[in-house]
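Worksheet for the structure shown next.
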Amino acid sequence: MSNDARSVSGSYEAGLKGAAEAVAEFHEPESALKKLQHWLHQTPSAVPMIVLVVALLVFGALADNFFKAGTLSTILQQIAIVGILGCAQTIVVLTAGIDLSVGAIAVFSSVLMGQITFRYGVPAELSIVIGLILGTAMGALNGILIARLRLPPFIVTLGTWQILLAANFIYSANETIRSSDIAEQAAALQFWGYSINPGGVKILYAVFLMIALVAIMAYVLRHTAWGRHVYATGDDPAAAELAGVPTKKVLVQVYALAGLFCAIAGWVMIGRFGSVSPTASTGQLGNIQSITAVVIGGISLFGGRGSIVGMFFGALIVGVFEMGLRLVGTDPQWTFFLIGALIIFAVAVDQWIRKVAG
Amino acid sequence: MEPILKARGLTKRYGKVTALNDCDFELMPGEILAVIGDNGAGKSTLIKAISGAVVPDEGQIWLDGQEVAFRTPIEARAAGIETVYQTLAMSPALSIADNMFMGRELRAPGIMGSLFRKLDRPRMEKFAREKLTELGLMTIQNINQAVETLSGGQRQGVAVARAAAFGSKVVILDEPTAALGVKESRRVLELIRDVKNRGIPIILISHNMPHVFEIADRIHIHRLGRRLCVIKPQDYSMSDAVAFMTGAKLPEGVTEVA
Chain A
1 MSNDARSVSG
11 SYEAGLKGAA
21 EAVAEFHEPE
31 SALKKLQHWL
41 HQTPSAVPMI
51 VLVVALLVFG
61 ALADNFFKAG
71 TLSTILQQIA
81 IVGILGCAQT
91 IVVLTAGIDL
101 SVGAIAVFSS
111 VLMGQITFRY
121 GVPAELSIVI
131 GLILGTAMGA
141 LNGILIARLR
151 LPPFIVTLGT
161 WQILLAANFI
171 YSANETIRSS
181 DIAEQAAALQ
191 FWGYSINPGG
201 VKILYAVFLM
211 IALVAIMAYV
221 LRHTAWGRHV
231 YATGDDPAAA
241 ELAGVPTKKV
251 LVQVYALAGL
261 FCAIAGWVMI
271 GRFGSVSPTA
281 STGQLGNIQS
291 ITAVVIGGIS
301 LFGGRGSIVG
311 MFFGALIVGV
321 FEMGLRLVGT
331 DPQWTFFLIG
341 ALIIFAVAVD
351 QWIRKVAG
Chain B
1 MEPILKARGL
11 TKRYGKVTAL
21 NDCDFELMPG
31 EILAVIGDNG
41 AGKSTLIKAI
51 SGAVVPDEGQ
61 IWLDGQEVAF
71 RTPIEARAAG
81 IETVYQTLAM
91 SPALSIADNM
101 FMGRELRAPG
111 IMGSLFRKLD
121 RPRMEKFARE
131 KLTELGLMTI
141 QNINQAVETL
151 SGGQRQGVAV
161 ARAAAFGSKV
171 VILDEPTAAL
181 GVKESRRVLE
191 LIRDVKNRGI
201 PIILISHNMP
211 HVFEIADRIH
221 IHRLGRRLCV
231 IKPQDYSMSD
241 AVAFMTGAKL
251 PEGVTEVA
């Protein structure tokens, strides 16, 4: 390096002499509000957890029989399907996508499992496996359209929602398989509807399944390279690609895995409702309910931020509101009123937390 | 001395536009080579061809005497060429350690790693901390801090540290000081010098003449899709270099009007 050149450039920087030498130091935020913002930034599931605790305390105070084991197990039972669909929705939203077809995949998969058993005489266990594979394939179709053809997730899944739900009605000829027939001939389909009853409190297998899936996905997203790639893909896909993340592959895998979760939810539906019905309300409401759980759970719709545990809290909050307001004896419409307010609150908090960068 | 990286006759056309026109290139071991040129001269296409982001239509590239033909940046990276992009290619919401290992994560030893695919966070964090310390970046307190909570200079520092840590053969820096303030630029220039002192040759693309003249050993002047000349900063002034790259003047010994 030549000293001449150095002095040349040194001259215009001479004014720096006497300026603070430290460059790019990181100062801890001083105010309490800033600290809170930073803490929430690092712990994205904290907001829904606080809301959940507050809701539990409020309803516990308002309704006498709220804190009974039976009430709490009923809440868990009622959110089992939404919780599993929420697992699917979480990984999709983390990639900055959205999946409007989760409910349709769930219903169609449950119908496939039932029809393959009863129409073709395939053993129920095998039908379940086939149903899970087909559900995964439906998700993968979403993923391929989004990753390879670069179509917006909202449009693709809006389309597949309609297509799969229509295919579901056409294939099943709008036929419901009765609960008693399933119990007699294909009990495996109803597996997740069985329960253990410690001390007279009924806990469905489905509840354990939901908690296990959330726990597994929390591990996968936090502690594996694939999980980090899901976050990176949602955060900044161009940057992730340059850093060596195969973002298209990740996207296809995410939507396929979401399809598998939806098919599992479809299997759980048979256990919960007893029958196999192509008109199950999950087909229309599943997507809205799972998106609600994800948003209230503090997962950013812009991708790359949030935790699946937050989604679980989000689903619980909805369940607690529904049950609590029913026990208090208000008009059930208040549930939706409050959930709506909570959604807006959650997104506002997300925006505020994101400002930590600025 | 043999060049560590050599290219001959690189050509890249986009429709009717010839971005690279029979371009040669040489990087010597241990040097900082600046690449300068006017906008549209094709220097970013040249860099992309070397880093695997663009596949040239014609021409050959040798790395360490071996002919190479990269189809993706990942292939170039595997061969030991690391690029710090102008956009930095970092995920803002993820931690410094996660970003440093993005796409080449370390897995835990034993069954936790092989079967459960668990990341070896302690080892990744230790490595990241070491690399940042080596480059004097330990004003960063917490290796698990999200990148978006860092200042521009710190982010650039982390990106340079990542490239220096993994770039075994060549480090390419695309406009590393363009988005930085005066003080932060100074810090990044020191970082670049540190990387050079560890024996890794650097290709520096920059518009900032004072920075180029301060830090480069040689300057590759790019004009109209090809190498016009290579000069030493002590032999010429900044205004000469600007005259060469804009075509206002021709360097001695170069007769052909490019």
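Listed in order, the protein sequences are those of chains A and B. Numbered per UniProt numbering, the first sequence finishes at 358, counting up by one with no gaps. Numbered per UniProt numbering, the second sequence finishes at 258, counting up by one with no gaps. Beta carbons are placed, not taken as given, at the ideal position from N, Cα and C, and that holds for glycine. This one's a predicted model, so the numbers in the text were calculated from it and none came from an experiment.
Could you tell me whether any Cβ in chain A is nearer than 8 Å to the Cβ of residue i?
i: B/K118; result: yes
i: B/T87; result: yes
i: B/L94; result: yes
i: B/E105; result: yes
i: B/S91; result: yes
i: B/R77; result: yes
i: B/D57; result: no
i: B/P73; result: yes
i: B/V242; result: no
i: B/D194; result: no
Hey, does residue i have any beta-carbon neighbour from chain B nearer than 8 Å?
i: A/R148; result: no
i: A/A232; result: yes
i: A/R305; result: yes
i: A/G310; result: no
i: A/V23; result: Note that A/V23 has pLDDT 46, beneath the 50 cutoff, so the model's placement of it is unreliable and the number below is only indicative. True, the Cβ-Cβ gap to chain B drops below 8 Å.
i: A/R228; result: yes
Could you check the C-alpha separation between residue i and residue j for me, to the nearest Å?
i: A/I91; j: A/G259; result: 11 Å
i: A/R88; j: A/S172; result: What sits at residue 88 of chain A in the sequence shown is Ala, not Arg. A/A88 and A/S172: Cα-Cα distance of roughly 25 Å.
i: B/K126; j: B/V182; result: 31 Å
i: B/T18; j: B/K12; result: 6 Å
i: A/A293; j: A/I50; result: 15 Å
i: B/T246; j: B/G37; result: 8 Å
i: B/V160; j: A/G283; result: 50 Å
i: B/A241; j: B/I221; result: 8 Å
i: A/R305; j: A/L327; result: 35 Å
i: A/M323; j: A/W192; result: 22 Å
i: A/W267; j: A/I291; result: 20 Å
i: A/G274; j: A/S110; result: 11 Å
i: B/E26; j: A/V245; result: 30 Å
i: A/L151; j: B/E2; result: 49 Å
i: A/R178; j: A/V107; result: 15 Å
i: B/G153; j: B/L189; result: 11 Å
i: B/R117; j: A/I170; result: 42 Å
i: A/L251; j: B/I192; result: 36 Å
i: B/R223; j: B/G42; result: 8 Å
With the cut-off set at 8 Å, would you say residue i and residue j are in Cβ contact?
i: B/G157; j: B/L137; result: yes
i: A/Q190; j: A/G271; result: yes
i: A/A80; j: A/V207; result: yes
i: B/R226; j: B/D22; result: yes
i: B/A49; j: A/L242; result: no
i: A/A232; j: B/M102; result: yes
i: A/F321; j: A/A69; result: no
i: A/W352; j: A/Q37; result: yes
i: residue 359 of chain A; j: A/V295; result: Here chain A covers residues 1 to 358 and nothing more, so residue 359 of chain A does not appear.
i: B/V230; j: B/I200; result: no
i: B/Q86; j: B/G9; result: no
i: A/L342; j: A/I317; result: yes
i: B/T83; j: B/D174; result: yes
i: B/I205; j: B/V35; result: yes
Starting from the C-beta of residue i, find all residues in its chain whose C-beta is less than 7 Å away, skip the five residues before and the five after it, and write them out in chain order.
i: B/A76; result: S51, G52, F70
i: B/K16; result: none
i: A/V122; result: I116
i: A/I196; result: I203
i: A/L40; result: A46, V47, I353
Leaving out five residues on either side along the sequence, give the residues of the same chain with a beta carbon under 6 Å from the beta carbon of residue i.
i: B/A93; result: A146
i: B/A97; result: M124, E125, A128, I143
i: A/Y255; result: G139, N142, G143
i: A/G314; result: P48, A293, I296, G297
Tell me where the beta strand (DSSP E) around residue i begins and ends.
i: B/W62; result: 58-63
i: A/N65; result: From DSSP, A/N65 is part of no beta strand (DSSP E); its letter is neither H nor E.
i: B/N21; result: 17-27
i: B/V171; result: 170-174
i: B/E214; result: Here B/E214 belongs to no beta strand (DSSP E); instead the alpha helix (DSSP H) covers 209-215.
i: B/Q86; result: Neither: B/Q86 is in no beta strand (DSSP E) and is coded neither H nor E.
i: B/L33; result: 32-37
Quick check on the DSSP output: the alpha helix (DSSP H) that includes residue i runs from which residue to which?
i: A/D350; result: 333-354
i: A/Q289; result: 282-296
What does a CB cutoff of less than 8 Å around residue i pick up in its chain, not counting 5 residues either side in sequence?
i: A/A187; result: A124
i: B/V54; result: K12, T45, K48
Listing by chain order, which chain E residues have their CB less than 7 Å from the CB of residue i?
i: A/R272; result: In the structure shown, chain E cannot be found, because the protein chains are A and B.
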